[in-house]
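Encoded as structure tokens, the structure appears first; notes follow it.
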Amino acid sequence: MSIQANYEQIKKRISHACERSGRSQSDINVIAVTKYVSIETAQEAVDAGVKHLGENRLEGFHEKHQAIGETVNWHFIGTLQSRKVKNIINDVDYIHSLDRLSLAKEINKRSDRVVPCFVQVNTSGEESKHGLEPDELDSFIEQVKQYENIKVVGLMTMAPLTDNEDFIRSCFKQLRVLRDQISDLKFDHAPCTYLSMGMSNDFEIAIEEGATHIRVGSSLVGNERK
Ligand SMILES: *Cc1c(COP(=O)(O)O)cnc(C)c1O
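Residue numbering for the sequence shown follows our numbering, starting at 465 and increasing by one per position.
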């Protein structure tokens with residue numbers, strides 16, 4: 465199937481998930497995750513109408529950003545080493561993987577503008593997953609306030625690798641509860657209105673649980689470099 469056709473399918477599924485949960489489709493941002501595919505394929509997604517691209521590695525981020533440019537929003541969704549921050553900071557619109565103060569400090573130092581960030585939370589308890597533990601979040605948000613170039617626009621999580629839909633859903637629910645707790649505090653530096661959650665296999669559940677940004681790779685652009 466063409467990427468255009470994939471995108472139409474995904475939009476249809478989003479629309480149904482929105483109907484089921486009484487949400488508006490315009491509140492859902494689709495980030496096409498292009499980490500496995502070529503520049504040409506990423507461009508096809510843009511031509512099909514995708515407004516957000518996401519990459520989890522610096523090399524992929526750079527090659528695509530350079531080729532495609534500022535016509536879309538650029539999301540960095542992968543683990544970010546502090547010493548690499550300077551290489552992407554001017555090109556990135558959103559960072560989804562803020563998970564430690566040392567990284568916040570480096571972003572703050574290297575940027576000359578406010579950078580919208582999602583704080584990554586480990587909701588599944590899996591050792592292999594990055595992100596803050598839920599009970600570390602409050603104090604993290606308080607401490608990040610000292611870094612004036614960081615704005616916490618939302619929270620991000622990765623669902624566990626499992627077929628257990630109830631467990632996946634409970635992780636997304638937990639992220640929403642945490643998001644609500646923080647946004648209720650009305651911090652200027654942490655409006656925390658967004659939820660970045662849901663990938664190819666679970667984005668409908670994520671939308672039902674409140675996702676505003678879904679990160680869709682394989683089911684939208686495929687997972688083979690052609
Ligand atoms: C690869 C990746 C995705 C997309 O995964 P798919 O299952 O291919 O949709 C989403 N988020 C992150 C952080 C990723 O690394």
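Don't be surprised by glycine CBs; every beta carbon is placed ideally from N, CA and C.
Rounded Cβ spacing between G618 and S660 (contact assumed at less than 8 Å): 6 Å
Using a Cβ-based criterion (distance less than 7 Å to any ligand heavy atom), does G595 qualify as near ligand 1? no
In terms of residues, what are the limits of the alpha helix (DSSP H) holding K615? Not the alpha helix (DSSP H): K615 falls in the beta strand (DSSP E), residues I614 to M620.
Three-state class that DSSP yields for E597 in the structure shown: coil
C-alpha distance - E534 paired with I467, whole-angstrom precision: Approximately 21 Å between the Cα atoms of the pair.
Taking 7 Å as the cut-off, is the CB of R487 close to at least one heavy atom of ligand 1? no
Same chain, Cβ closer than 6 Å to Y611, five either side skipped, listed in chain order: A568 and N572
Using the three-state DSSP reduction, which class does E673 fall into: helix, strand or coil? coil
The beta strand (DSSP E) spanning G518 covers which residue range? H516 to E519
Pick helix, strand or coil for Y471, following the three-state DSSP scheme. helix
Taking the Cβ atom as the reference point for each residue, do I671 and I492 lie within a distance shorter than 8 Å? It is a contact, given that the beta carbons lie within the stated cut-off.
Does the Cβ of M554 have 16 or more other Cβ atoms within 10 Å, making it buried, or fewer, making it exposed? One detail in the question is off: residue 554 reads as Asn in this sequence, not Met. N554 is exposed by the Cβ-count criterion.
What would DSSP say about A623, mapped onto helix, strand or coil? coil
Exposed unless 16 or more other CB atoms sit within 10 angstroms - verdict on Q584: Within 10 angstroms of the beta-carbon of Q584 lie 16 or more other beta-carbons, which makes it buried.
Alpha carbon to alpha carbon, how far is E570 from V549? Give it in angstroms, no decimals. 7 Å
CB L565 to CB Q530, shorter than 8 Å? Cβ distance not < 8 Å, so L565 and Q530 don't count as in contact.
Hey, Q638 and P598: beta-carbon distance below 8 Å or not? yes
I'd like to know if S647 contacts chain D, where contact means its C-beta is closer than 8 Å to some C-beta of that chain. The question asks about chain D, but that chain is absent: this structure has only one protein chain.
Could you check the C-alpha separation between K690 and V514 for me, to the nearest Å? 19 Å
Is it true that the CB of N613 sits closer than 8 Å to the CB of S575? yes
From A506 to S634, what distance separates their C-alpha atoms? 32 Å
Taking all protein chains shown into account, do 16 or more other C-beta atoms lie within 10 angstroms of the C-beta of F631, making it buried, or fewer, making it exposed? Of the residues assessed, F631 falls on the exposed side of the cut-off, its CB having fewer than 16 other CB atoms within 10 angstroms.
Can you tell which of V578, D602 and G542 has its C-alpha closest to the C-alpha of H594? The candidate whose alpha carbon is nearest that of H594 is G542.
R477 versus K528 - alpha carbon distance: In a straight line, the C-alpha of R477 is about 27 Å away from that of K528.
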